[in-house]
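Report on the following structure.
Residue numbers (this note's numbering): 15 to 172.
Have a look at this one:
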C-alpha cells in the first residue's frame with residue numbers, strides 16, 4: 015500500500031487520531047465573488063466508520079461509511095479574513111474537498127485489495143459469518159466479485 019492507501023486503511027480501522035490530510039488547490043469564495051485557491055492541512059480529531067456487506071449471487075457490495083471530525087491545522091491562502099476558532103465550522107469547500115480526497119483514498123485502497131486479491135477488510139470472513147450461504151460461491155474468487163460503496167462525511171472547525 016502507498017501512503018494514501020495506508021491512511022485509508024487506518025481511517026477504516028479507526029486508527030487516525032492526529033493523522034493529517036493534505037488538500038491542494040481548494041477554491042474558496044472570498045465573499046466578493048472571487049474564488050481564492052489555497053492549500054489546507056487537516057488534522058483528524060475523531061472518526062467513526064462502519065463496514066457492512068450486501069451479498070447476492072452476483073456480487074459482494076462492500077459498504078463503507080466514514081464520518082470524520084477534523085480541524086484546520088495549517089492553511090496557505092492569499093487572504094486571511096478570520097483567525098482560526100473553535101466555534102467556526104470548516105468552510106463548505108474544504109469539507110467537500112476533504113470528503114472527495116478521503117473517498118478517493120479509500121477507493122484506491124479497495125482497488126489495490128481487488129488487484130492483489132488481499133483481503134484487507136476481512137470481507138471473506140464477513141461473508142462466512144453473516145452470509146454463510148454464499149461463502150462456498152465466493153471463497154475462491156471473492157476479490158473479483160467485490161464492489162465498493164463509499165460514503166464519507168467530514169465536519170470540523172477552523
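Note that CB positions come from ideal geometry on N, CA and C, so glycine has one too.
Point to revise | Reduced DSSP secondary structure (H/G/I, E/B, other) of residue 120 | key: Numbered from its first residue, the chain shown carries residue 120 at position 106. In this structure, residue 120 counts as helix in the three-state DSSP scheme.
Point to revise | residue 30 (DSSP reduced to helix, strand or coil) | key: By one-based count along the chain shown, residue 30 stands at place 16. In the structure shown, residue 30 sits in coil (DSSP, three-state: anything other than H, G, I, E or B).
Point to revise | Boundaries (first-last residue) of the beta strand (DSSP E) holding residue 140 | key: Residue mapping note: residue 140 aligns to position 126 of the chain shown, counting from 1. Here residue 140 belongs to no beta strand (DSSP E); instead the alpha helix (DSSP H) covers 137-144.
Review point. From the DSSP output, which residues share a beta bridge with residue 90?
Key: Translated into positions along the chain shown, residue 90 becomes position 76. Residue 90 pairs with 53.
Review point. In three-state terms, what does DSSP make of residue 125?
Key: Here residue 125 is taken as the residue at index 111 of the chain shown, counted from 1. Three-state result, residue 125: helix.
Exercise for review: Locate the beta strand (DSSP E) running through residue 162, then write down its first and last residues.
Suggested key: Here the question's residue 162 lines up with position 148 in the chain shown. In this chain, the beta strand (DSSP E) harbouring residue 162 covers 160-171.
Practice item. Pull up the distance between the alpha-carbon of residue 62 and that of residue 154, whole angstroms please. Key: Translated into positions along the chain shown, residue 62 becomes position 48. Translated into positions along the chain shown, residue 154 becomes position 140. The C-alpha of residue 62 lies about 31 angstroms from the C-alpha of residue 154.
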